[in-house]
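Asker: Using full-length UniProt numbering, the first residue of the sequence shown is number 1, and each one after it goes up by one. The beta-carbon is built from N, C-alpha and C at its ideal position, and this holds for glycine as well. Below you'll find the structure I mean.
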Amino acid sequence: MPPVAIIMGSQSDWSTMRHAAETLDALAVPYEARIVSAHRTPDRLVSFAKGAKAAGFKVVIAGAGGAAHLPGMAASMTPLPVLGVPVESKALSGQDSLLSIVQMPAGIPVGTLAIGRAGAVNAALLAAAILALEDAALAARLDAWRQAQTESVADHPSDD
Ligand code: RP5
Numbered sequence: 001m002p003p004v005a006i007i008m009g010s011q012s013d014w015s016t017m018r019h020a021a022e023t024l025d026a027l028a029v030p031y032e033a034r035i036v037s038a039h040r041t042p043d044r045l046v047s048f049a050k051g052a053k054a055a056g057f058k059v060v061i062a063g064a065g066g067a068a069h070l071p072g073m074a075a076s077m078t079p080l081p082v083l084g085v086p087v088e089s090k091a092l093s094g095q096d097s098l099l100s101i102v103q104m105p106a107g108i109p110v111g112t113l114a115i116g117r118a119g120a121v122n123a124a125l126l127a128a129a130i131l132a133l134e135d136a137a138l139a140a141r142l143d144a145w146r147q148a149q150t151e152s153v154a155d156h157p158s159d160d
């Protein structure tokens with residue numbers, strides 16, 4: 001089983017969550033992506049979350065939009081670290097998603113990232129950083145990724 005599970009509430013979330021997947025690809029971190037809806041497939045959520053650790057996952061990235069209960073409910077049923085990505089909703093531009101995910105009660109944490117693509121990318125980087133604590137080769141790849149990012153920033157703005 002790959003170490004990272006990327007779960008999302010709907011197919012419509014994939015355009016955001018694919019950025020987490022692509023970032024993990026760049027770091028050569030295996031993952032499995034699944035659609036797991038807290039509201040439309042609650043039994044699938046319970047099955048996934050209760051079995052995630054035994055299945056071999058180490059970190060869960062959960063993205064959802066609107067009434068975004070997926071990350072918190074997943075966190076309530078697994079001891080694994082859960083990173084929540086608020087998907088940008090049409091009605092409220094993802095502020096509903098953000099507040100739904102971030103305002104967890106004390107005792108069940110969800111590491112909440114930014115709304116949209118930035119949150120998805122950073123969730124993947126945090127997942128990699130967690131795994132890198134016990135994986136020196138991954139730590140080196142993460143360092144190289146960050147160095148490449150630094151070197152890609154121009155000194156001056158361009159008109160192009
Ligand atoms: C949430 O509802 C999903 O995470 C998604 O962001 C949102 C809308 O879902 P669809 O109506 O596009 O399937 O459960």
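Report the residue from V36, V60, D43, Q11 whose alpha carbon sits nearest the alpha carbon of V4.
Answerer: Among V36, V60, D43, Q11, the Cα nearest to that of V4 belongs to V60.
Asker: Run through DSSP, which three-state label would V29 get?
Answerer: Coil.
Asker: Assuming contact is defined by CB atoms lying nearer than 9 Å, are A127 and G63 in contact in what I supplied?
Answerer: The answer is no: Cβ separation not under 9 Å.
Asker: Should M8 be counted as a contact of the ligand RP5 given a C-beta to heavy atom distance under 8 Å?
Answerer: Correct: M8 has its Cβ closer than 8 Å to the ligand RP5.
Asker: Given a threshold of 16 other Cβ atoms within 10 Å of its Cβ, counted over all protein chains shown, does M1 qualify as buried or as exposed?
Answerer: Exposed.
Asker: Could you please give the first and the last residue of the uninterrupted beta strand (DSSP E) stretch that includes I6?
Answerer: Residues 4-8.
Asker: Look at the alpha carbon of A123 and the alpha carbon of D160, and state the distance between them as a whole number of angstroms.
Answerer: Whole-angstrom Cα-Cα distance: 31 Å.
Asker: Which same chain residues end up closer than 6 Å to G9 when comparing Cβ atoms and leaving out the 5 residues on each side of it in sequence?
Answerer: Here the set comprises S37, A64, L70.
Asker: Are there any heavy atoms of the ligand ATP lying less than 8 Å away from the beta-carbon of H39, as far as the coordinates show?
Answerer: The model on display carries the ligand RP5 but not the ligand ATP.
Asker: Looking only at DSSP bridge pairs, what is P109 linked to?
Answerer: Partner(s): none; P109 has no beta bridge.
Asker: Alpha carbon to alpha carbon, what distance is there between A75 and S100?
Answerer: So the alpha carbons of these two residues sit roughly 13 Å apart.
Asker: Confirm the yes/no value for this check: CB of S89, any heavy atom of the ligand RP5, distance under 8 Å.
Answerer: Under cutoff, so the answer is yes.
Asker: From what residue to what residue does the alpha helix (DSSP H) around A120 run?
Answerer: Unbroken alpha helix (DSSP H) run through A120: 117-132.
Asker: Consider the C-beta atom of D13 and the heavy atoms of the ligand RP5; say whether any pair is separated by less than 8 Å.
Answerer: Because some heavy atom of the ligand RP5 lies under 8 Å away, the Cβ of D13 counts as near it: yes.
Asker: Indicate, with yes or no, if the ligand RP5 has a heavy atom lying under 8 Å from the CB of A123.
Answerer: For the ligand RP5, not one heavy atom lies less than 8 Å from the Cβ of A123.
Asker: With the cut-off set at 9 Å, would you say E88 and G111 are in Cβ contact?
Answerer: No, the Cβ-Cβ distance between E88 and G111 is not below 9 Å.
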